[in-house]
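Q: Mind having a look at this structure? Questions to follow.
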């Protein structure tokens, strides 16, 4: 078994590096929710304007929390998910044009599908439970190497099992998937994928379900096979430790996704040792250290985010989507407020905007039944309400003019005039992070307003001396 | 100083106030067509009041069976034998394995309570979170008003908005929220001991980490003893006071956290520490553990780790190693524990050279 020779017709010159294997250009993927008895119709933007090139033989690890779109982006990269907008190309050939047989066809859709493969978190899902391992592995061989004799096929399968570390191969070939451990099933799934001689494997949380003690073994196997077959990997993981291991051993890149955006990407050491995006820093913080001298220091700390819960992806925040959790939200020019004071103000304003303040308990503490509040009563007790809510919400003791503005907003809340409260604060305290979507830019690209205007010298040169 | 100690965990002294649970010679067995499966093999351990004890082992090593046995909740038709004794701060010791059904019911929430992974499976989907709290409080004849007040403060400690969460149905909460709500529910009757079996598996890292960091606070605030059971060693490295490592249905090594992690003595622990990905470890020095862990009906004779151990000799193949005292508070079940440092080197971070004794 050897790696596929490069595709015949070389890709047309697209102005890109010529070792780009798969290119994603400005991809959006939207999912439409039909709605139902208890749900309104809705649209979730799983991937929101992401561009990414994966080079031949490269390892790219995508990391992010659930719902960040990493799996959807991965499936788009291998042609399993059609983008709502944007272009996916394999060696220059538009995958969906090949699929729909429109446009110029340089590489057939069948060839593309075969070249781009996936291994799942649950390996059993890609194996037929009613067939022994040998039969499972024979399927791709029969399909793609119809010329192979049965005896040759059997030998190829046994050789593969040996390479997968499943010995004696004769024994493993005759087992059913349920007679294998999770780690062994994952090896077979990986082997089955490799029989198709792919150029890129999407490994979607492929080691997450394994015990930590078995992960290095599985990742080593993936890397060994990459050496043999020159395969590139797009490795999807919620875990930086695994992503780091694979990327570091191959000089690969790590990309961080948040609510459909690629917010930072770069060489593994750059991203992990010098993370630029506050979200990347939060993920690095959350990756536990096994060294107790490091781990114990961190175990007391509060998480470096304003909220540990992820916003509803159906209603993503405006501007930089991380602004509702970011501890470093940009303080508007000219405001004489420290970061933590400003963070408190932003939290209050967002809570008022979303009507997400627990006013009931404040009224109850004042001896007022919130169910029997008349407009009259609200006005009468507004001052006491403002004071109580202020004490409850703020650690900072604001000076004028902030204090007056906050009290005004809280008074609006007392009178149930939420929108007035939110607007009054918004006038003075809106951050660029809420307003503008940050661009992914720089030599180690990051999409964050803290890094606005930081362009690398190389890029500046390129701007000065356009080709 | 390699004293052989017949009775492993600690001397079986009378209750001295510092021990909340003592586990002695506990076996769990299942009769199967293929033979008898011993999924917990003569296990003994003391759990100190107020500690966070990490129990680490791979899936299928028996760690969940150990957790279940503490509440006499081993799934049918498993047979639990041995002795598990609970020491309340007020009153006489309780023999857990001798409790009657209704006593056990009370014991399980009021003395020792348990949180599993995947809160969704523990909640009834047709009942609000408030309903779950009220039902639990009522079933134990506790005062509703003061308990619900306690529930609200627990939820707040776990960074949840009590009103919002209590009025929600389980499916309306994210995985992280419902898992925290479940932790609050498990604490509402103020148990002495909280047993958590992979409580943060399937959650995002930031949520996992936030929850483990909260546990230390909760332990202090509510005078809890916590057992945290996981395969994910790094997850508990910063959290626990002591670590107990499980391999093939028994504890092979236990002791204070720093000593076990920085200078492990059992070959399995050392190999495990050299095989776990983290952000600091030198990737070139990491090595997977050779071989596979055993099937419960076919555990190797002698030391159960011997087929995978580079130090194994005839003694290891024939004799089951007893515990050796590494220090007064550390034990290891290995004949060659004094030689493992040289034979199985590992490093936890890129620069330093610890782990070489």
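Chains as they are written, first to last, in my numbering: chain A, 10 to 476; chain B, 303 to 659. All residues carry an ideal CB built from backbone N, CA and C; glycine is no exception. Because the structure is a prediction, the values reported are computed rather than measured.
Cβ atoms of residue 273 of chain A and residue 455 of chain A: under 7 Å apart, would you say?
A: Counting from 1 along the first chain, the entry for residue 455 of chain A is found at position 446. Counting from 1 along the first chain, the entry for residue 273 of chain A is found at position 264. Closer than 7 Å, so yes.
Q: In chain A, what lies closer than 7 Å to residue 577 of chain B by C-beta?
A: Residue numbering aside, residue 577 of chain B sits at position 275 when the second chain is read from its first letter. Neighbours of residue 577 of chain B on chain A, chain order: 222, 225.
Q: Along chain B, in chain order, which residues have C-beta atoms closer than 9 Å to that of residue 40 of chain A?
A: Taking the first residue of the first chain as 1, we reach residue 40 of chain A at position 31. Neighbours of residue 40 of chain A on chain B: none; closest Cβ ~18 Å, over 9 Å.
Q: If you draw a straight line from the alpha carbon of residue 186 of chain A to that of residue 128 of chain A, how long is it in whole angstroms?
A: As a working note, residue 186 of chain A is residue 177 in the first chain. As a working note, residue 128 of chain A is residue 119 in the first chain. A direct Cα-to-Cα measurement between residue 186 of chain A and residue 128 of chain A gives close to 15 Å.
Q: Quick check: the segment 411-421 of chain B against the segment 492-507 of chain B, are at least 3 beta-carbon pairs closer than 8 Å?
A: yes
Q: By a C-beta neighbour count over all protein chains shown, 10 Å radius and 16 as the cutoff for buried, is residue 206 of chain A buried or exposed?
A: Here the question's residue 206 of chain A lines up with position 197 in the first chain. Under this definition residue 206 of chain A is a buried residue.
Q: Quick check on DSSP: helix, strand or coil for residue 579 of chain B?
A: Position 277 of the second chain holds residue 579 of chain B. Coil, per DSSP.
Q: Taking 7 Å as the CB-CB limit, is residue 49 of chain A close to chain B?
A: Your numbering for residue 49 of chain A matches position 40 in the first chain. Judged by the 7 Å Cβ criterion, residue 49 of chain A is not in contact with chain B.
Q: Note down the Cα distance separating residue 552 of chain B from residue 351 of chain A, rounded to an integer number of angstroms.
A: Locating residue 552 of chain B in the second chain gives position 250, where the first residue counts as 1. Locating residue 351 of chain A in the first chain gives position 342, where the first residue counts as 1. Taken atom to atom, the span from the alpha-carbon of residue 552 of chain B to that of residue 351 of chain A is near 53 Å.
Q: Judging by CA-CA distance, which residue of A:27, A:40, A:255, A:33 is the nearest neighbour of residue 271 of chain A?
A: Numbered from 1 along the first chain, position 262 holds the residue referred to as residue 271 of chain A. Cα-wise, what sits closest to residue 271 of chain A is A:33.
Q: Could you check which residue in B:369, B:351, B:478 has the C-alpha nearest to that of residue 358 of chain B?
A: Counted from its first residue, the second chain places residue 358 of chain B at position 56. Distances from the CA of residue 358 of chain B to each of B:369, B:351, B:478 were compared; the closest alpha carbon is that of B:369.
Q: Checking contacts by CB at 7 Å: is residue 303 of chain B closer than that to chain A?
A: Translated into the one-based positions of the second chain, residue 303 of chain B becomes position 1. With a pLDDT of 39 at residue 303 of chain B, under the threshold of 50, the modelled position of this residue cannot be trusted; read the value that follows with caution. Residue 303 of chain B does not count as touching chain A.
Q: Which parts of the segment 416-494 of chain B are runs of the alpha helix (DSSP H), unbroken and 4 residues or longer, counting only runs that do not cross its ends?
A: Listed in chain order, they are 421-424, 431-441, 446-459, 464-468, 477-489.
Q: Nearest chain A C-beta to residue 540 of chain B closer than 7 Å, yes or no?
A: Here residue 540 of chain B corresponds to residue number 238 of the second chain, with the count starting at 1. It does: the Cβ of residue 540 of chain B has a partner Cβ on chain A nearer than 7 Å.
Q: Going by alpha carbons, who is nearest to residue 476 of chain B out of B:505, B:390, B:486?
A: Within the second chain, residue 476 of chain B is the residue found at index 174, counting from 1. Closest option to residue 476 of chain B, Cα to Cα, is B:505.
Q: Name the chain B residues whose beta carbon is nearer than 7 Å to that of residue 291 of chain A?
A: Residue mapping note: residue 291 of chain A aligns to position 282 of the first chain, counting from 1. Within chain B, the residues 508 have their CB atoms less than 7 Å from the CB of residue 291 of chain A, given in chain order.
Q: Any beta carbon from chain B within less than 7 Å of residue 245 of chain A's own beta carbon?
A: Counted from its first residue, the first chain places residue 245 of chain A at position 236. So, not an interface residue.
Q: Which same chain residues, not among the five before or five after residue 469 of chain A, have their C-beta less than 6 Å away from its C-beta?
A: Sequence index remark: in the first chain, residue 469 of chain A carries index 460 (1-based). Residue placement at residue 469 of chain A cannot be trusted, given a pLDDT of 48 that sits under 50; what the coordinates show is reported in the next sentence. None.
Q: Can you tell me which residues form a DSSP beta bridge with residue 267 of chain A?
A: Your numbering for residue 267 of chain A matches position 258 in the first chain. For residue 267 of chain A, which the question treats as bridged, DSSP gives the partners A:270.
Q: Mapping the DSSP letters down to three states, classify residue 342 of chain B as helix, strand or coil.
A: In the second chain, counting from the first residue as 1, residue 342 of chain B sits at position 40. DSSP places residue 342 of chain B in strand when its eight states are reduced to three.
Q: Contact check, residue 5 of chain A vs residue 101 of chain A under 8 Å by CB: the rounded distance?
A: Residue coverage of chain A in this structure runs from 10 to 476, which leaves residue 5 of chain A outside it and unanswerable.
Q: How would you write the range of the beta strand (DSSP E) that residue 244 of chain A sits in, first residue to last?
A: Taking the first residue of the first chain as position 1, residue 244 of chain A is located at position 235. In the DSSP assignment, residue 244 of chain A falls within the unbroken beta strand (DSSP E) covering 241-246.
Q: Counting only Cβ pairs nearer than 9 Å, list the residues of chain B close to residue 310 of chain A.
A: Position 301 of the first chain, counted from the first residue, corresponds to residue 310 of chain A. Ordered by position in chain B, the residues that pass the 9 Å Cβ test against residue 310 of chain A are 515.
Q: Counting along the chain, where does the beta strand (DSSP E) carrying residue 549 of chain B start and finish?
A: For the purposes of this step, residue 549 of chain B is taken as the residue at position 247 of the second chain. Unbroken beta strand (DSSP E) run through residue 549 of chain B: 544-549.
Q: Rounding to the nearest angstrom, what Cα-Cα distance links residue 174 of chain A and residue 225 of chain A in this structure?
A: Start at 1 with the first residue of the first chain, and residue 174 of chain A comes out as number 165. Start at 1 with the first residue of the first chain, and residue 225 of chain A comes out as number 216. Taking the straight line joining both Cα atoms gives about 14 Å.
Q: Quick one: what's got a C-beta closer than 7 Å to residue 359 of chain A's C-beta in the same chain, skipping five residues either side?
A: Mapped onto the first chain, residue 359 of chain A falls at position 350. Here the set comprises 333.
Q: Please check if any C-beta of chain A sits within less than 7 Å of the C-beta of residue 457 of chain B.
A: In the second chain, counting from the first residue as 1, residue 457 of chain B sits at position 155. No, its Cβ sits nowhere closer than 7 Å to a Cβ of chain A.
Q: Quick one: list the residues of chain B neighbouring residue 128 of chain A, beta-carbon separation under 9 Å, in chain order.
A: Taking the first residue of the first chain as 1, we reach residue 128 of chain A at position 119. Those within 9 Å of residue 128 of chain A in chain B number zero; the least Cβ separation is about 18 Å.
Q: Would the segment 187-202 of chain A and the segment 109-124 of chain A be scored as touching if the rule is three or more Cβ pairs under 8 Å?
A: no
Q: Tell me, please, which residues DSSP counts as bridged to residue 229 of chain A.
A: As a position in the first chain, residue 229 of chain A is number 220, starting the count at 1. Looking at the DSSP assignment, residue 229 of chain A forms no beta bridge with any residue, so it has no partner.
Q: What are the residues that DSSP puts in a beta bridge with residue 60 of chain A?
A: As a first step, residue 60 of chain A must be located in the first chain, where it is residue number 51. DSSP output for residue 60 of chain A lists no bridge partner at all.
Q: Can you tell me whether residue 375 of chain A is buried or exposed? The criterion is at least 16 other CB atoms within 10 Å of its CB, across all chains shown.
A: By 1-based counting over the first chain, the position of residue 375 of chain A is 366. Exposed is the call here.
Q: Residue 351 of chain A by DSSP, collapsed to three states: which one?
A: Looking up residue 351 of chain A in the first chain gives position 342. DSSP places residue 351 of chain A in helix when its eight states are reduced to three.
Q: Are any of the Cβ atoms in chain B nearer than 7 Å to that of residue 197 of chain A?
A: The count along the first chain starts at 1 and reaches residue 197 of chain A at position 188. With 7 Å as the cut-off, residue 197 of chain A does not count as an interface residue toward chain B.
Q: At the level of alpha carbons, what is the spacing between residue 510 of chain B and residue 602 of chain B?
A: Stepping through the second chain from its first residue, residue 510 of chain B is reached at position 208. Stepping through the second chain from its first residue, residue 602 of chain B is reached at position 300. So the two alpha carbons sit approximately 36 Å from each other.
Q: Check the Cβ-Cβ distances between residue 310 of chain B and every residue of chain A, and say whether any is below 7 Å.
A: Working through the second chain from its first residue, we reach residue 310 of chain B at position 8. Low confidence applies here, because residue 310 of chain B scores a pLDDT of 43, under 50, leaving its location unreliable; read the following figure in that light. No - not a single Cβ of chain A is within 7 Å of the one on residue 310 of chain B.
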